[in-house]
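Asks:
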Amino acid sequence: MYAARRMIDMKVLKHLDSIVMKRVGRYDHANALTKFLFDAWDVLEIEIGTVDPSEHLEIHEVGVAHSLSATRVYWASELLTSIGRTHAVGLWSSLRSDNNSVSFVQAFSSISCFFGKHPDEIHSLLSSLNYRCKDHLSRLNIPFSQADPKYDLKELCMHICDFMTTEGYRTVDPPNFRDLHNLLPHFYLTSHKRSIPLSLVHIFVSIAQSLGIAAFPFRLPLHVLVHITVPDPEVDDFFVDVFGVPTIINLRDDIPAILERQGIHGNSLMHYLSPSNTTTMLLRNGRFILSSLNLQRTSPSLELSSTLLAFTLFLVLTGTSQSVPHLMSQADPLDCATFITEVLIPSLSNIREVQNDLRQASQQSLEEEAISAQEVKLRTPNTTVRYFVGMLFEHRSLRYTALITGWDPVMSKSWIRETEISDLPRGRDQPCYHVLCMDNSSRYVAEDNIKPLLSASDELLLQMCQGIRILPKLFTGVLTKTTTRSSNVRDAPVQYRRARFVLSPELATAYPEDDTMGDAWLGGGESVYTWLAGKELVLAAK
1 MYAARRMIDM
11 KVLKHLDSIV
21 MKRVGRYDHA
31 NALTKFLFDA
41 WDVLEIEIGT
51 VDPSEHLEIH
61 EVGVAHSLSA
71 TRVYWASELL
81 TSIGRTHAVG
91 LWSSLRSDNN
101 SVSFVQAFSS
111 ISCFFGKHPD
121 EIHSLLSSLN
131 YRCKDHLSRL
141 NIPFSQADPK
151 YDLKELCMHI
161 CDFMTTEGYR
171 TVDPPNFRDL
181 HNLLPHFYLT
191 SHKRSIPLSL
201 VHIFVSIAQS
211 LGIAAFPFRL
221 PLHVLVHITV
231 PDPEVDDFFV
241 DVFGVPTIIN
251 LRDDIPAILE
261 RQGIHGNSLM
271 HYLSPSNTTT
281 MLLRNGRFIL
291 SSLNLQRTSP
301 SLELSSTLLA
311 FTLFLVLTGT
321 SQSVPHLMSQ
331 ADPLDCATFI
341 TEVLIPSLSN
351 IREVQNDLRQ
361 ASQQSLEEEA
371 ISAQEVKLRT
381 PNTTVRYFVG
391 MLFEHRSLRY
401 TALITGWDPV
411 MSKSWIRETE
421 ISDLPRGRDQ
431 PCYHVLCMDN
441 SSRYVAEDNI
451 KPLLSASDEL
461 LLQMCQGIRI
471 LPKLFTGVLT
481 KTTTRSSNVR
491 DAPVQYRRAR
501 FVLSPELATA
511 YPEDDTMGDA
521 WLGGGESVYT
531 WLAGKELVLA
541 AK
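full-length UniProt numbering puts the sequence shown at residues 1 to 542.
What follows is the structure, encoded as structure tokens:
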């Protein structure tokens, strides 16, 4: 058993090595690695440790060699997320053929797998709550066994709500209703316990079912309740409005009145008088996610993953063709090579047109990535690319600070069509740079608009290292060098701290000259650059 597990670990680490070191063939290795699913989880977690990938981007003075730990941790973390997504989509896809194949609690908990959480993590949080609730009820002498003659199902449900209050769970304040954290179990079970009814119902149903109560979500147009099935066929079922007033809602009188107030009358009432299935609740969560994203700002990484989650839910549960372009606009090659290829596309086998559209879009993404992975960019006598990958700069007119992640010796035709460049000194006859900004956005900047950052503070470097999610994929750390120059004011010395980001194997292969150019610039640049008045950087004749 140990030998077999060790063999899997070695294969996983070998794939990880290849993913880190080479962009060519990277996603073939990612596909093979994620097929191990949770057998690969532990060894990847060990690679990550307890540190966020951004914290591995260390800042050192020139002379200190950087390891690949930041880039390695980045990819290990991304692969864990891919494994989680593969598991979740596989689980949800079974609901298409059998709505009872996965419980509401399990299916809803799996939402967090889409964000790199192991299903056992959410299960453990809920199990701990279930245990503490039983202990709470025992201390209050509240019977929770149906065999007890004093057993009172309605009273028990009210005590579950009371227990949730003691644990900090309650309805979110109106200004925070659209907070995206309210929709993700790993947040609303821990740091965001003031949440929306749908999420509180997830917690209540988990606790109630652990006590043997037949509890299920119940969908109203504007609200979510819990449907409680009463064992005695002579007694009506009832509903629980978690933290609502009243908490216990009657089937015969209260529910029809509530529905009529919401404009639902006559025969339409019957559609709402039975427990809602798991698919309905997942789709409701997906719609809430998109609504929240439209109304409230959140971090770029959370926004990206949440949008991808929402359209994945729509596609896997309904098979609507409209979801394909929306999904692919958010998916990256890693998504295409893993959960989209392995589980999402196969799950659509009974909807051939949608399946083919998704397969074609996914293959196109991977083919474009394979072509890009082969590109190597070198400077030639006919190109005057002044700046290098890993250089910080300030945009001359817009004044934002950004980091160069790539360059083209001439402007792309698409960018020329979309952008007015006649006001630039060299017009379209100049290189352009791919850059990352502090807000995680990517931009394409003409060389005339690049103003090299001559001095970088610790605060700025740390802000970039910890704030730009994708940075560890592209760079392994930061090198700095402090120099002293005389100013024009009474020759008082002024300190400049130049900094450059060290290229990851991926970028070092694509731009093989840029690490050397960065070192030359860091050291003063006299062999490559000439400083004019201590302010401007121009290409010097060699």
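Even for Gly, the Cβ is constructed at its ideal location relative to N, Cα and C. All of these numbers come straight from a predicted model, not from anything done at the bench.
Quick one: give me the first and last residue of the alpha helix (DSSP H) that S504 is part of.
Replies: In the sequence shown, counting from the first residue as 1, residue 504 sits at position 504. Per DSSP, S504 belongs to no alpha helix (DSSP H) and is neither H nor E.
Asks: Taking the alpha-carbon of V389 as reference, which of F501, R6 and R261 has the nearest alpha-carbon?
Replies: Residue numbering aside, residue 389 sits at position 389 when the sequence shown is read from its first letter. Among F501, R6 and R261, the Cα nearest to that of V389 is on F501.
Asks: Whole angstroms are fine: how far does the CA of A76 sit from the CA of I470?
Replies: As a position in the sequence shown, residue 470 is number 470, starting the count at 1. As a position in the sequence shown, residue 76 is number 76, starting the count at 1. So the alpha carbons of these two residues sit roughly 13 Å apart.
Asks: Let's test the definition: count the other Cβ atoms within 10 Å of the Cβ of V20 and tell me whether it reaches 16, buried, or not, exposed.
Replies: Stepping through the sequence shown from its first residue, residue 20 is reached at position 20. By the 10 Å Cβ count, V20 comes out buried.
Asks: Is any heavy atom in the ligand SAH found nearer than 6 Å to the beta carbon of P346?
Replies: As for the ligand SAH, it is missing from this structure, which has no ligand bound.
Asks: Here's the rule I'm using: 16 or more other beta-carbon atoms within 10 Å means buried, otherwise exposed. How should R498 be labelled?
Replies: Along the sequence shown, one-based indexing puts residue 498 at 498. Under this definition R498 is a buried residue.
Asks: Which parts of the region 100-171 are runs of the alpha helix (DSSP H), unbroken and 4 residues or longer, counting only runs that do not cross its ends?
Replies: Complete alpha helix (DSSP H) runs here, min 4: 104-109, 119-139 and 153-166.
Asks: Can you tell which of E61, G90 and P300 has the C-alpha that lies nearest to the C-alpha of D439?
Replies: The sequence position of residue 439 within the sequence shown is 439, counting from 1. Among E61, G90 and P300, the Cα nearest to that of D439 belongs to P300.
Asks: Does the count of Cβ pairs from the region 387-403 and the region 511-523 closer than 8 Å reach three?
Replies: Segments in contact, yes.
Asks: For the beta strand (DSSP E) containing E58, name the first residue and the last one.
Replies: If you number the sequence shown from 1, residue 58 lands on position 58. It spans E58 to E61 - the beta strand (DSSP E) in which E58 sits, taken as one unbroken run.
Asks: Assuming I249 contacts D241 (C-beta within less than 8 Å), just tell me the rounded distance between them.
Replies: Mapped onto the sequence shown, residue 249 falls at position 249. Mapped onto the sequence shown, residue 241 falls at position 241. Yes, I249 and D241 are in contact; Cβ-Cβ is about 6 Å, under 8 Å.
Asks: Which residue marks the beginning of the beta strand (DSSP E) containing F216, and which one marks its end?
Replies: Within the sequence shown, residue 216 is the residue found at index 216, counting from 1. Counting along the chain, the beta strand (DSSP E) containing F216 begins and ends at A214 to L220.
Asks: Using only the alpha-carbon positions, how far apart do T482 and E394 sit?
Replies: Translated into the one-based positions of the sequence shown, residue 482 becomes position 482. Translated into the one-based positions of the sequence shown, residue 394 becomes position 394. Their backbone Cα atoms lie some 19 Å apart in a straight line.
Asks: Does DSSP classify Y529 as helix, strand or coil?
Replies: Counted from its first residue, the sequence shown places residue 529 at position 529. Per-residue confidence for Y529 stands at a pLDDT of 44, beneath the threshold of 50, marking its modelled position as unreliable; no derived number is given.
Asks: Which same chain residues, not among the five before or five after S397, have their C-beta less than 7 Å away from its C-beta?
Replies: Counting from 1 along the sequence shown, the entry for residue 397 is found at position 397. Excluding residues within five positions, the ones whose Cβ falls inside 7 Å are N449.
Asks: Pick out the complete beta strand (DSSP E) segments inside the UniProt domain "Hemimethylated DNA-binding" (384-488), 3 residues or longer, and give them in chain order.
Replies: If we require 3 residues or more, the beta strand (DSSP E) runs fully inside the UniProt domain "Hemimethylated DNA-binding" (384-488) come out as 392-395, 401-408, 432-437, 442-446, 450-452 and 475-486.
Asks: Alpha carbon to alpha carbon, how far is P217 from S292? Give it in angstroms, no decimals.
Replies: The residue you call residue 292 lines up with position 292 of the sequence shown. The residue you call residue 217 lines up with position 217 of the sequence shown. C-alpha separation (whole angstroms): 21 Å.
Asks: So, P431 versus V376, is the Cβ gap smaller than 7 Å?
Replies: In the sequence shown, residue 431 corresponds to position 431, counting from 1. In the sequence shown, residue 376 corresponds to position 376, counting from 1. Not in contact: P431 and V376 (Cβ atoms no closer than 7 Å).
Asks: Exposed or buried, which one is A215 when buried takes at least 16 other CB atoms within 10 Å?
Replies: Position 215 of the sequence shown, counted from the first residue, corresponds to residue 215. Its Cβ being crowded by 16 or more others within 10 Å, A215 is buried.
Asks: In three-state terms, what does DSSP make of I228?
Replies: Stepping through the sequence shown from its first residue, residue 228 is reached at position 228. Note: I228 maps to strand in three-state DSSP.
Asks: Skipping 5 residues on each side, what residues in its chain have a beta carbon closer than 6 Å to that of D39?
Replies: Taking the sequence shown and counting its residues from 1, one reaches residue 39 at position 39. The answer, listed in chain order, is I8.
Asks: Taking the beta carbon of I85 as the centre, do at least 16 other beta carbons fall within 10 Å, making it buried, or is it exposed?
Replies: Within the sequence shown, numbered from 1, the residue matching residue 85 stands at position 85. Checking the displayed sequence, the identity of residue 85 turns out to be Arg instead of Ile. With 16 or more other Cβ atoms within 10 Å, it is buried.
Asks: Apply the 10 Å Cβ neighbour rule to T383 and answer buried if 16 or more other Cβ atoms are within range, or exposed otherwise.
Replies: The residue you call residue 383 lines up with position 383 of the sequence shown. When all chains shown are included, T383 counts as exposed.
Asks: Straight-line CA distance for H159 to L79?
Replies: For this step, residue 159 is matched to residue 159 along the sequence shown. For this step, residue 79 is matched to residue 79 along the sequence shown. Each residue's alpha carbon lies about 42 Å from the other.
Asks: In whole angstroms, what is the alpha-carbon distance linking C437 and I404?
Replies: Translated into the one-based positions of the sequence shown, residue 437 becomes position 437. Translated into the one-based positions of the sequence shown, residue 404 becomes position 404. When rounded, the distance between both Cα atoms is 9 Å.
Asks: Quick check: the Cα distance between S97 and L44, rounded to an integer number of angstroms?
Replies: Along the sequence shown, read from residue 1 onward, the residue named residue 97 stands at position 97. Along the sequence shown, read from residue 1 onward, the residue named residue 44 stands at position 44. In a straight line, the C-alpha of S97 is about 33 Å away from that of L44.
Asks: Does the Cβ-Cβ distance between D15 and A32 come in under 7 Å?
Replies: Position 15 of the sequence shown, counted from the first residue, corresponds to residue 15. Position 32 of the sequence shown, counted from the first residue, corresponds to residue 32. The sequence given here has His at residue 15, not Asp. In this structure, A32 lies closer than 7 Å to H15 by Cβ.
Asks: Rounded to the nearest angstrom, what separates Q364 and L315 at their Cα positions?
Replies: Start at 1 with the first residue of the sequence shown, and residue 364 comes out as number 364. Start at 1 with the first residue of the sequence shown, and residue 315 comes out as number 315. Taking the straight line joining both Cα atoms gives about 19 Å.
Asks: Using a Cβ-Cβ cut-off of 7 Å (strictly less than) and excluding sequence neighbours within five positions of F187, which residues of its own chain qualify?
Replies: Position 187 of the sequence shown holds residue 187. Correct list, in chain order: H181.
Asks: Residue 548 by DSSP, collapsed to three states: which one?
Replies: Outside the shown range of the chain, which is 1 to 542, sits residue 548, and nothing can be said about it.
Asks: Between the Cα of V172 and those of S110, Q209, L156 and H192, spot the shortest distance and give me the residue it belongs to.
Replies: Here residue 172 corresponds to residue number 172 of the sequence shown, with the count starting at 1. If we check each option's Cα against that of V172, H192 comes out closest.
Asks: Does DSSP put K542 in a helix, in a strand, or in coil?
Replies: By one-based count along the sequence shown, residue 542 stands at place 542. A caution first: K542 carries a pLDDT of 37, below 50, which makes its placement in the model unreliable, though a value can still be read off. K542: coil per DSSP, three-state reduction.
Asks: So, do the region 115-129 and the region 351-358 have three or more beta carbon pairs nearer to each other than 8 Å?
Replies: Taking 8 Å as the limit for Cβ pairs, the verdict is that the region 351-358 does not touch the region 115-129.
Asks: Taking DSSP as the reference, what is the three-state secondary structure of F314?
Replies: Taking the first residue of the sequence shown as position 1, residue 314 is located at position 314. F314 falls in the helix class under three-state DSSP.
Asks: For E260 and D253, what's the separation of their Cα atoms in angstroms?
Replies: Along the sequence shown, read from residue 1 onward, the residue named residue 260 stands at position 260. Along the sequence shown, read from residue 1 onward, the residue named residue 253 stands at position 253. Roughly 11 Å between the two C-alpha positions.
Asks: Measuring alpha carbon to alpha carbon, tell me which of G319, E367 and L309 ends up nearest F339.
Replies: Residue numbering aside, residue 339 sits at position 339 when the sequence shown is read from its first letter. Of G319, E367 and L309, the residue nearest in Cα terms is L309.
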